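Using my numbering, the letters of the sequence shown map in sequence onto residues 54 to 346. Beta carbons are placed, not taken as given, at the ideal position from N, Cα and C, and that holds for glycine. Bear in mind the structure is a predicted one, so any value in this text is a computation, not a measurement. Presented below is the structure to which this report refers.
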Amino acid sequence: MARQFETIGIVGAGQMGAGIAHVCALAGYAVVLYDISSDRTEAGLKRVNGTLDRQLGSDKITSAQKAEALSRITASTDVASLGTADLVIEAVTEDETVKRKVYAQVCPVLKPEAILATNTSSISITRLASATDRPERFLGIHFMNPVPVMKLVELVRGIATDDPTFDAAKAFSARLDKVTTVSEDFPAFIVNRILMPMINEAIYTLYEGVGSVESIDTAMKLGANHPMGPLQLADFIGLDTCLSIMQVLHDGLSDSKYRPCPLLVKYVEAGWIGRKAGRGFYDYRGETPVPTR
Ligand code: NAD
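Listed below in structure tokens is the structure:
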């Protein structure tokens, strides 16, 4: 039987960290939600409260379940608090240097048997594992955004990941009521290897003046039956994350077809990185989103 966890540590209380905290707490795990400042952890807890409210509003959970879930989450800005966790999921910014620094801080406080996972969208699991003290107990557990809604979890083994670690991650994902797929450790795995070049191409379509923000999103929603347009989706994911993933694809596969669109670079340089910044391909600061081009 696969190893069972009691406490889940989450590093990074951003959109993904908060979503992972939501589903873990609802599934009955004790959760330690760690970030660099109390502003960030408070924003994360507020996000969890909001997503639980949404589920309450649609009768997916009861108010007792919401209260219990919130009571299971402890927010922390002290890395030592991760010492109680059986599984730690790193969900910090999609930047290898940042992730490596996080592992250097987190590994010394972990229980020897604790499993460390990354929610990276694209970076090599084997390379990240080599920056930890436990490559055999390290793997990719890649959740989709928004975590409480999306059914899929991509599991990615590094070269050293052992079977008990992989089996425990699979059992953990099942307890969260997620469906798992297994991806080999190649840049951006399966979902983002396919999704991100499509989003990048939508940005080229805008850059080259083939269509406006509105026409590109409408075209893909009504013409390809996508629930969200690609530019709306890019804003939702975060343009900084989209650019990082394209860079990983471009560097890792050395093929010019993955060249990040210069317009994507420009938006990131402007700090217009999507919904989380209030502005991206749409401006979210008013009542309804307004295209920025
Ligand atoms: P985000 O910008 O919303 O959150 C990142 C969080 O990491 C921030 O709260 C930040 O304070 C924190 N952080 C940064 N450095 C830290 C450090 N040294 N110690 C502790 N916390 C630190 O980003 P996100 O969208 O939640 O993405 C997080 C990860 O999840 C990335 O690896 C991303 O590729 C992956 N991911 C994102 C999506 C998506 O749609 N946004 C989907 C799947 C996976």
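The beta-bridge partner set that DSSP reports for Phe196 consists of Val206. By alpha-carbon distance to Leu317, the top candidate from Glu59, Tyr337, Gly305 and Ala287 is Ala287. In the DSSP assignment, the residues bridged to Tyr335 are Pro344. Between Met249 and Met299 the beta-carbon gap is near 6 Å, inside 8 Å, which marks them as a contact.
Taking the Cα positions, Tyr320 is about 12 Å away from Thr294.
Exclusion of the five residues before and after Val141 leaves Ile61, Gly62, Ile63, Val64, Leu135, Val159, Leu163, Ala167, Ile168, Leu169 and Ala170 as the residues of its chain whose Cβ lies within less than 8 Å of its Cβ. As DSSP reads the structure, Phe191 sits in a beta bridge with Leu169. In this structure, the ligand NAD has a non-hydrogen atom nearer than 8 Å to the beta-carbon of Thr173. The alpha-carbon of Lys310 is positioned some 42 Å away from that of Ser129.
Note on the stretch 198-268: whole alpha helix (DSSP H) runs with a minimum of 4 residues are 216-228 and 244-260, in chain order. Going by C-alpha positions, Asn102 is about 7 Å away from Leu123. The three-state reading of DSSP puts Leu316 in helix, counting H, G and I together. With contacts defined as CB atoms closer than 9 Å, Glu207 and Phe239 fail to qualify as a contacting pair.
Taken through DSSP and simplified to helix, strand or coil, Thr185 comes out as coil. Pairwise C-beta distances place the stretch 244-258 out of contact with the stretch 209-219, as fewer than three of them are shorter than 8 Å.
Note on Asp270: 16 or more other CB atoms within 10 angstroms of its CB, so buried under the neighbour-count rule. For Phe289, the CB falls within less than 8 Å of some heavy atom of the ligand NAD. Under the DSSP assignment, Leu163 falls outside any beta strand (DSSP E); it carries neither an H nor an E label. Residue pairing by DSSP places Gly136 opposite no residue, since no beta bridge is assigned to it. Bridge partners of Val141 according to DSSP: Gly62 and Leu169. Remark: the C-beta of Tyr87 is in contact range of the ligand NAD, defined as less than 8 Å to any heavy atom. Residue pairing of Val84 in beta bridges, as defined by DSSP: Ile61 and Ile126. Rounded to whole angstroms, the Cβ separation of Gly72 and Pro283 is 21 Å, and the two are not in contact under 8 Å.
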